[in-house]
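Novice:
Number of protein chains: 2
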Amino acid sequence: MELDARKLGILKAIIDEYIMSASPVGSRAISKHEEFNLSSATIRNEMADLEELGYLEQPHTSAGRVPSDKAYRLYVDRMMQRAALSDDEIKLIRAHMSAKLDEVESVMKQTAQALSAVTNYTAMVMPPMLAANRLRHIQLVPLREGRALVVIVTTTGFARDAIIRVPEEVRSGELERISRILTERFYDCRMDHIGDMIAKEMSGELYERRAFLCSVMEAVERKMEPDSPNVQLSGTNNMLHYPEYSDVNKAKTFLAAVEGRNMLYDMLKRASKLEFSITIGNENEDEMFKDCSIVTATYQVGEEPLGSFGIIGPTRMNYGKVISVLEYMRRSLSEVLSADQDED
Amino acid sequence: MELDARKLGILKAIIDEYIMSASPVGSRAISKHEEFNLSSATIRNEMADLEELGYLEQPHTSAGRVPSDKAYRLYVDRMMQRAALSDDEIKLIRAHMSAKLDEVESVMKQTAQALSAVTNYTAMVMPPMLAANRLRHIQLVPLREGRALVVIVTTTGFARDAIIRVPEEVRSGELERISRILTERFYDCRMDHIGDMIAKEMSGELYERRAFLCSVMEAVERKMEPDSPNVQLSGTNNMLHYPEYSDVNKAKTFLAAVEGRNMLYDMLKRASKLEFSITIGNENEDEMFKDCSIVTATYQVGEEPLGSFGIIGPTRMNYGKVISVLEYMRRSLSEVLSADQDED
DNA sequence: TGTTAGCACTCTATTTTGTCGAGTGCTAAC
DNA sequence: GTTAGCACTCGACAAAATAGAGTGCTAACA
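Quick note, the sequences are listed as chains B and H, same order.
Each residue of the first sequence is one higher than the one before, counting from 1087 in our numbering.
Each residue of the second sequence is one higher than the one before, counting from 1087 in our numbering.
#1: Taking the continuous beta strand (DSSP E) assigned at Tyr1385(B), which residues delimit it?
#2: Any idea if Arg1092(B) is buried or exposed, counting beta-carbon neighbours within 10 angstroms, 16 or more meaning buried?
#3: Listing by chain order, which chain H residues have their CB less than 8 Å from the CB of Glu1260(B)?
#4: Quick check on Pro1145(H): buried or exposed, where buried means 16 or more other Cβ atoms within 10 Å of its Cβ?
#5: Looking only at its own chain, which residues have a Cβ that is under 6 Å from the Cβ of Ser1394(H), when we skip the five neighbours before and after it?
#6: Would you give the residue range spanned by the beta strand (DSSP E) that Ser1126(B) belongs to?
#7: Taking the alpha carbon of Arg1251(B) as the point to measure from, which residue in Glu1262(B), Cys1300(B), Asp1173(B) and Asn1219(B) has its own alpha carbon closest?
#8: So, are the CB atoms of Met1283(B) and Met1310(B) less than 8 Å apart?
#9: Please classify Asp1352(H): does DSSP put it in a helix, a strand, or coil?
#10: Return the residue from the list Val1411(B), Gly1346(B), Val1239(B) and Lys1407(B) that minimises the CA-CA distance to Ile1105(B).
#11: Residues of chain B with CB closer than 8 Å to the CB of Leu1326(H), please, in chain order.
#12: Below 8 Å between beta carbons: does that hold for Leu1142(B) and Arg1151(B)?
#13: Leaving aside the five residues before and after Thr1205(H) along the sequence, list all residues of the same chain whose C-beta is less than 6 Å from its C-beta, in chain order.
#14: Just mark Pro1329(H) as buried or exposed, buried being the case when its beta carbon has 16 or more other beta carbons within 10 Å.
#15: Tell me whether Thr1240(B) sits in a helix, a strand or coil according to DSSP, three-state version.
#16: Just the chain B side, please: which residues come within less than 7 Å of Gly1243(H) by C-beta, in chain order?
#17: Are the CB atoms of Asp1377(H) and Gly1388(H) nearer to each other than 8 Å?
#18: Shortest alpha-carbon distance to Thr1476(H) belongs to which of Gln1225(H), Tyr1273(H), Met1210(H) and Ser1258(H)?
#19: Measuring only the C-alpha atoms, how far is Met1415(B) from Gly1321(B)?
#20: Taking the alpha-carbon positions, what's the Arg1246(H) to Met1303(H) distance?
#21: If you follow the beta strand (DSSP E) that Val1111(B) is part of, which residue opens it and which one closes it?
#22: Going along the chain, which residues of its own chain have a beta-carbon closer than 7 Å to the beta-carbon of Gly1223(H), five neighbours each way excluded?
#23: Using DSSP with H/G/I as helix, E/B as strand and the rest coil, what is Gly1321(B)?
#24: Looking at the unbroken alpha helix (DSSP H) that takes in His1182(H), where does it start and where does it end?
#25: Would you check if the distance between the CB atom of Asn1219(B) and the CB atom of Ala1342(H) is smaller than 8 Å?
#26: Under the assumption that Ala1248(B) contacts Val1256(B) (Cβ atoms under 8 Å), give the Cβ distance between them as a whole number of angstroms.
#27: Report the rounded CA-to-CA distance for Ser1154(H) versus Leu1229(H), giving the unit in angstroms.
#28: From this set, Met1166(B), Ala1115(B), Cys1275(B) and Ile1129(B), which residue's C-alpha is nearest Arg1402(B)'s C-alpha?
#29: State buried or exposed for Thr1147(H), treating a residue as buried only when at least 16 other CB atoms are found within 10 Å of its CB.
#30: Considering only their Cβ atoms, is the gap separating Ala1203(B) from Leu1319(B) smaller than 8 Å?
#31: Buried or exposed for Asn1348(H), please, with buried defined as at least 16 other CB atoms from any protein chain shown within 10 angstroms of its CB.
#32: Going along the chain, which unbroken runs of the alpha helix (DSSP H) with 4 or more residues stay wholly within the stretch 1190 to 1259 of chain B?
#33: Reducing DSSP to helix, strand and coil, say where Gly1406(B) ends up.
#34: Looking at Phe1244(H) and Val1190(H), is the spacing between their C-beta atoms short of 8 Å?
#35: Excluding five sequence neighbours on each side, which residues of the same chain lie with their C-beta closer than 6 Å to the C-beta of Thr1365(B)?
#36: What does DSSP give as the partner residue(s) for Leu1142(B) in the beta ladder?
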């Protein structure tokens, strides 16, 4: 027995129906589709076949059929049609993306909010990994009590800061000098190479300050990698709208899994190697997300991918729409970031 | 009829019991308390009195009694005893507060997490309002295409940055000069006065750049006030553990109210005028929080209060413990911030 | 006068039972 | 290969039955 065109059509109809209704699809419902013009009995036979092939599942005898993960996979690979975004949806996204976006942080937040508002699923956005960015400026600002603030700015306009200790023998005025020298020497260097370079080049006029410089550089490197708490989440509650989570305990489990952010961060990081990625139900390594599908995309400035973002929803997800939204957002986000996030 | 010592004692016992169990308290349960040594019938009479006085409510005949908001108010004002923190709890807080806290953002996040982990309620933390801080350093960093990054550092070690437009006639080198002049002139000025001062003093060597300076100052001012999306939330899901929210719809309403953050921000801002504040049930202006109690505290560096943080939970909240935790946290947070957030 | 035992009553939560309907698989006929 | 027909299964829902917690009131007691 194989998957002929008719079976495929019926399967698609079932999936579309199930995505809409969330309740098992019976043979009668499908037999009403005019394009097939088949009786419910015939559909039943086909459904039995599809079940045997592993594309459908039955919660219990005398319930309708529910698509399996395998079916969704087939669906996204071969059957799904993209849903063009409506004007309203585009407006909604624009509205989010045009508000005072003068800081990376708020760009990430707004992106997450736009995504969750348009899709009604949970959105996650990973802040940019700056490893491939280039240094523009480094500034050491003296604070009281042997502390200083290191501020790093990349050519793409991202700023990071960290507080470090300053040994007593380094005078306040010297920090300005060191800032100048470091900026000059490492101007336009890739952020992730600076550590190595300083190790090799530790000589010349700054030789006697090398211990201090190490701690500066260590702070710089630490700040380049985003970490899990910085993943922006939005619309976690959206999940509560879906009947899949009408049970408080399921909802709790999901929210707990998501709140940690560690898993999400790992997933996003892994996904940042591909332009798009879709993992469905059991394809997710994580036990907690076996009932979910996760769709991600990467954003970039210029060539280099900076990070990724995505959507988590029930496997019964509106894949067509989600993908369209992510595609749109991917462009939109890359543009906003390229424009140096200045919009007011 | 008035509230004598015995009535007070019984009321306290009922509240304590109800905080534990979340289900209406019957006369028998209280009559078992040895310290009263009264029969359930007597307790019943007293309970009827307490109900008449407005301290107790009855969900329906033949259910036990439930404390009213008025009762909780009395409880926190006159009857409650603080719960000392256990060693484990202190350890838990310490663990959160000692991890790489080299950025204000992460201090806020860790604080929120510690609070929600220890109390099992929802925690919110407002980032510092820098209005009363003093300027330490201001740096304009040129980026490409007529943009620059303004970085501001306060004497207390907080940094903020914003991207601004730079008019063509302002050369890259001049930004360095302007940075120096601004830093010199406004060194140690209160952040919220800088706007006014520049308006008055706009003369001398920077006269011909005044339009540009205005936009710099506007960016500075904008960054001083935290805004609602910056309120850190943690443990929103904790609420789902409580029977009050076993109904998904209630949970949804709560989570939606909280996700917006606007209300929380307003509340925290208002609360930042008092060291501590407790609002119970109906005392909350907001309709959404009529079933909740909100306890907040402020934190500071030196004299000036910088912001506030707090806990949201059901009115049936363990007030004694929450207040102890907030008190501990208030000290702890102020210390961490005073120490310039450097801990590794 | 305050306290208490006793009792009838109320109301909810839970369990049990019955009914309805959607959906199935199978068979036989077209 | 398709379809009508039919017996069967199972969950959802409603109605009825039961149990139990708690009350208010009354009358008696110290």
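We put the beta carbon where it would ideally sit given N, CA and C, even for glycine.
Specialist: The short version:
#1: On the first sequence, residue 1385(B) is found 299 positions in, with the first residue counted as 1. It spans Cys1378 to Val1387 - the beta strand (DSSP E) in which Tyr1385(B) sits, taken as one unbroken run.
#2: Within the first sequence, numbered from 1, the residue matching residue 1092(B) stands at position 6. Burial call: exposed.
#3: Counting from 1 along the first sequence, the entry for residue 1260(B) is found at position 174. Correct list: empty, because the minimum Cβ distance to chain H is about 15 Å.
#4: If you number the second sequence from 1, residue 1145(H) lands on position 59. Label assigned to Pro1145(H): exposed.
#5: Residue mapping note: residue 1394(H) aligns to position 308 of the second sequence, counting from 1. Around Ser1394(H): Met1212, Leu1354, Ala1357, Ser1358, Thr1382 and Thr1384.
#6: Position 40 of the first sequence, counted from the start, is the residue given in the question as residue 1126(B). DSSP places Ser1126(B) in no beta strand (DSSP E) but in the uninterrupted alpha helix (DSSP H) bounded by Ser1126 to Glu1138.
#7: Residue numbering aside, residue 1251(B) sits at position 165 when the first sequence is read from its first letter. If we check each option's Cα against that of Arg1251(B), Cys1300(B) comes out closest.
#8: Within the first sequence, the letter at position 197 stands for residue 1283(B). Within the first sequence, the letter at position 224 stands for residue 1310(B). Against a cut-off of 8 Å, the Cβ pair of Met1310(B) and Met1283(B) comes out as no contact.
#9: As a position in the second sequence, residue 1352(H) is number 266, starting the count at 1. Three-state DSSP puts Asp1352(H) in a helix.
#10: If you number the first sequence from 1, residue 1105(B) lands on position 19. It is Lys1407(B) whose Cα lies nearest to the Cα of Ile1105(B).
#11: As a first step, residue 1326(H) must be located in the second sequence, where it is residue number 240. Under the 8 Å cutoff, chain B gives Val1334, Ala1337, Lys1338 and Leu1341.
#12: Taking the first sequence and counting its residues from 1, one reaches residue 1142(B) at position 56. Taking the first sequence and counting its residues from 1, one reaches residue 1151(B) at position 65. Yes, the pair counts as a contact, with Cβ atoms nearer than the cut-off.
#13: Residue numbering aside, residue 1205(H) sits at position 119 when the second sequence is read from its first letter. Ile1397, Val1408 and Val1411, listed in sequence order.
#14: As a position in the second sequence, residue 1329(H) is number 243, starting the count at 1. Classification of Pro1329(H): exposed, given that the 10 Å Cβ count is below 16.
#15: Taking the first residue of the first sequence as 1, we reach residue 1240(B) at position 154. Here Thr1240(B) sits in strand by DSSP.
#16: Counting from one through the second sequence, the residue named residue 1243(H) turns up at place 157. Leu1229, Arg1233, Leu1235 and Ile1249, listed in chain order.
#17: Locating residue 1377(H) in the second sequence gives position 291, counting from the first residue. Locating residue 1388(H) in the second sequence gives position 302, counting from the first residue. No. Outside cutoff.
#18: This structure leaves residue 1476(H) out entirely; chain H is present only between 1087 and 1430.
#19: In the first sequence, residue 1415(B) corresponds to position 329, counting from 1. In the first sequence, residue 1321(B) corresponds to position 235, counting from 1. Taking the straight line joining both Cα atoms gives about 16 Å.
#20: Position 160 of the second sequence, counting from 1, holds the residue named residue 1246(H). Position 217 of the second sequence, counting from 1, holds the residue named residue 1303(H). Approximately 13 Å, taken between the alpha carbons.
#21: Mapped onto the first sequence, residue 1111(B) falls at position 25. Where Val1111(B) is concerned, there is no enclosing beta strand (DSSP E), given that its DSSP letter is neither H nor E.
#22: In the second sequence, residue 1223(H) corresponds to position 137, counting from 1. Per the sequence presented here, residue 1223(H) reads as His, with Gly not at that position. For His1223(H), the CB contacts under 7 Å within the same chain, skipping 5 residues up- and downstream, are Val1239 and Thr1269 in chain order.
#23: Here residue 1321(B) refers to the residue found at position 235 of the first sequence. Gly1321(B) falls in the coil class under three-state DSSP.
#24: Taking the first residue of the second sequence as position 1, residue 1182(H) is located at position 96. Note, His1182(H): alpha helix (DSSP H), Asp1173 to Ser1184.
#25: Locating residue 1219(B) in the first sequence gives position 133, where the first residue counts as 1. Locating residue 1342(H) in the second sequence gives position 256, where the first residue counts as 1. In this structure, Ala1342(H) does not lie closer than 8 Å to Asn1219(B) by Cβ.
#26: Numbered from 1 along the first sequence, position 162 holds the residue referred to as residue 1248(B). Numbered from 1 along the first sequence, position 170 holds the residue referred to as residue 1256(B). Not really, about 17 Å apart at Cβ, beyond 8 Å.
#27: Position 68 of the second sequence, counted from the first residue, corresponds to residue 1154(H). Position 143 of the second sequence, counted from the first residue, corresponds to residue 1229(H). Straight-line Cα distance between these residues: approximately 60 Å.
#28: Start at 1 with the first residue of the first sequence, and residue 1402(B) comes out as number 316. If we check each option's Cα against that of Arg1402(B), Met1166(B) comes out closest.
#29: The residue you call residue 1147(H) lines up with position 61 of the second sequence. Its Cβ having fewer than 16 others within 10 Å, Thr1147(H) is exposed.
#30: On the first sequence, residue 1319(B) is found 233 positions in, with the first residue counted as 1. On the first sequence, residue 1203(B) is found 117 positions in, with the first residue counted as 1. Result no, Cβ atoms of Leu1319(B) and Ala1203(B) do not sit closer than 8 Å.
#31: Position 262 of the second sequence holds residue 1348(H). Classification of Asn1348(H): exposed, given that the 10 Å Cβ count is below 16.
#32: 1190 to 1205
#33: Within the first sequence, numbered from 1, the residue matching residue 1406(B) stands at position 320. Three-state result, Gly1406(B): helix.
#34: Stepping through the second sequence from its first residue, residue 1190(H) is reached at position 104. Stepping through the second sequence from its first residue, residue 1244(H) is reached at position 158. Yes, they are a contact pair.
#35: Looking up residue 1365(B) in the first sequence gives position 279. Result list for Thr1365(B): Ile1380, in chain order.
#36: Position 56 of the first sequence, counted from the first residue, corresponds to residue 1142(B). DSSP output for Leu1142(B) lists Pro1153(B) as bridge partner(s).
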